[in-house]
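Residue numbers (this note's numbering): 25 to 272. A virtual CB, placed ideally from N, CA and C, is assigned to each residue, including glycine. Right, one structure below, let's go through it.
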Ligand SMILES: Nc1ncnc2c1ncn2[C@@H]1O[C@H](COP(=O)(O)OP(=O)(O)OP(=O)(O)O)[C@@H](O)[C@H]1O
Ligand SMILES: [Mg+2]
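Next up, the structure:
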């Protein structure tokens, strides 16, 4: 990272579901081209934060600025334009079961960018190679792939549109340590090669330590501690210490 330009800014974001307040005055700055990891216990609101960034959920209160656009004020068309710059890797790989690998990875290229199929094929092959998958798998359906392969296909789909932002929700969950490591290396590589700004949500601490420029711990609706992996490990907040040491 050469410069520290804030590209995503959350201010005092509040969100309740029924009477349960999940985000409570959450404020956070994300720098351009960094990989920011959000850690925190299950059910604390990590996926909820990502859904707000994608404009899939609106806060009850507060401001969310992405590239200086207040996204809570955008109409559906403007939001779609902004979403074109985003790639999502969902918590479950969330591939379309009835579509093959090519159709899954090319989905947004064909739907949102109206790219000709021959061109899309080139892009899909290039992205599959980037995530370490062989070209032969393009005709396979998700049911024929292992969990790790599905995660990679999900990753290839997220980066097919050359996004400026990639949001990863639990990219290594359910994977064996070797596949998880491969996914971590991919996240690092994509950041290096494509210069994306990434937010990774995980409760896998070894993954967090490996990929993060900075880590923030979400707890009780807020980021209660934030810094480099080393700084976070030295943070004396008992809630952070408990989380870090209970997951060792
Ligand atoms: N659409 C929704 N409607 C009602 N409640 C919701 C909705 N989305 C999330 N919640 C609730 O908000 C809280 C936070 O959920 P969220 O999925 O963001 O947690 P998480 O930190 O991602 O958890 P995990 O690590 O298990 O994925 C949970 O109590 C959940 O039940
Ligand atoms: Mg989640």
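query, result
"Length at least 3, wholly inside the region 166-228: the beta strand (DSSP E) runs in chain order", "189-193 and 221-225"
"Whole runs of the alpha helix (DSSP H) within the region 123-157, excluding any shorter than 4 residues", "125-136 and 141-154"
"Host alpha helix (DSSP H) of residue 71 (start-end)", "70-77"
"Candidates 128, 46, 96 and 114: closest to residue 161 by CA position", "128"
"The region 226-233 touching the region 195-204, judged by at least three CB pairs closer than 8 Å", "yes"
"Start-to-end residues for the alpha helix (DSSP H) that takes in residue 242", "Premise fails: residue 242 lies in the beta strand (DSSP E), 238-243, not in any alpha helix (DSSP H)."
"Pair within 9 Å by beta-carbon distance, residue 64 and residue 173", "no"
"Candidates 120, 45, 151 and 62, of which the one nearest residue 256 by Cα", "62"
"Beta strand (DSSP E) segment containing residue 248, residue limits", "246-251"
"For ligand 2, residues whose Cβ lies under 7 Å from any non-hydrogen atom", "70, 71, 115, 193, 194 and 225"
"Helix, strand or coil at residue 106 [DSSP, three-state]", "helix"
"Inter-stretch contact (C-beta, 8 Å, three-pair minimum) for the region 175-187 and the region 106-114", "yes"
"Residue 90 and residue 80 closer than 9 Å at C-beta", "no"
"Selection from 244, 119, 221 and 55 that minimises the alpha carbon distance to residue 44", "244"
"Cβ-heavy atom distance, residue 46 to ligand 1, below 8 Å", "yes"
"Which of helix, strand or coil DSSP assigns to residue 58", "coil"
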